[in-house]
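The structure under discussion appears below in the form of structure tokens.
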Amino acid sequence: MGVVIIDGTTVRSFVNDVAAFQKSVDEAFASLDLNNDGVLSRSELRRAFESMRLIESHFGVDVATPPEELTKLYDSIFAKFDCDKSGSVDHEEFKEEIKNILLAIADGLGSNPIQMALEDGDKNLLKQAADLEASKINSN
Ligand SMILES: [Ca+2]
1 MGVVIIDGTT VRSFVNDVAA FQKSVDEAFA SLDLNNDGVL SRSELRRAFE
51 SMRLIESHFG VDVATPPEEL TKLYDSIFAK FDCDKSGSVD HEEFKEEIKN
101 ILLAIADGLG SNPIQMALED GDKNLLKQAA DLEASKINSN
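In full-length UniProt numbering, the protein residues as written are 1 to 140.
Structure, rendered in structure tokens:
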């Protein structure tokens, strides 16, 4: 369990670092595509959001949401990801929407840093954003 500090700039530089962002998205997609068919199904995507903890936990603070509300929420998220309404989310759709979500988070954060609590071994994309920033600071 640790804590990282994140603000809008942290998130934005992560998204704008094409290579780092692509790598993180590739890894996330590969780990989420449980049946390796190259697309994310509704349940695979739901698992993705659960693992990123962008919804159940508001930046590390767990909030209780009724299950039926969550299902509605995940359905609307799925519809947003599945741009071409094919019933599954392909790699490009996933990347674009993750980018939109992260940029929306960046806008929301602005220049007000927040602390985010993390579990050990957390693969959270926001943590990866913080790690990327830290590695750049350390290499200077
Ligand atoms: Ca799949």
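Cβ coordinates follow ideal geometry from the N, Cα and C atoms, glycine included.
C-alpha distance - residue i paired with residue j, whole-angstrom precision
i, j, result
"GLY110", "ARG12", "10 Å"
"ARG46", "GLU133", "28 Å"
"GLY87", "SER43", "11 Å"
"LEU103", "HIS91", "18 Å"
"ASN112", "PHE14", "17 Å"
"ASN138", "ASP131", "10 Å"
"LEU118", "PHE49", "15 Å"
"GLU27", "LEU125", "11 Å"
"ALA19", "LYS72", "34 Å"
With 16 other Cβ atoms within 10 Å as the buried cut-off, status of residue i
i, result
"SER24", "buried"
Host alpha helix (DSSP H) of residue i (start-end)
i, result
"residue 184", "A question about residue 184 goes unanswered here, because the residues of the chain that appear run from 1 up to 140."
"GLY2", "Careful: GLY2 lies outside any alpha helix (DSSP H), inside the beta strand (DSSP E) at 2–6."
"LYS23", "18–32"
Cut-off 7 Å between Cβ atoms - residues of its own chain near residue i, not counting five sequence neighbours on either side
i, result
"VAL89", "VAL39, LEU40, LEU45, PHE81, ASP82"
"GLU93", "PHE81, ASP82, CYS83"
From the options, residue whose alpha carbon lies closest to that of residue i
i, options, result
"ASP84", "GLU68, LEU73, GLN115, GLU97", "GLU97"
"ASP17", "PHE78, ASP107, LYS99, MET116", "LYS99"
Extent of the continuous beta strand (DSSP E) run through residue i
i, result
"ALA64", "First-last for ALA64: undefined, no H or E at that position."
"LEU118", "114–118"
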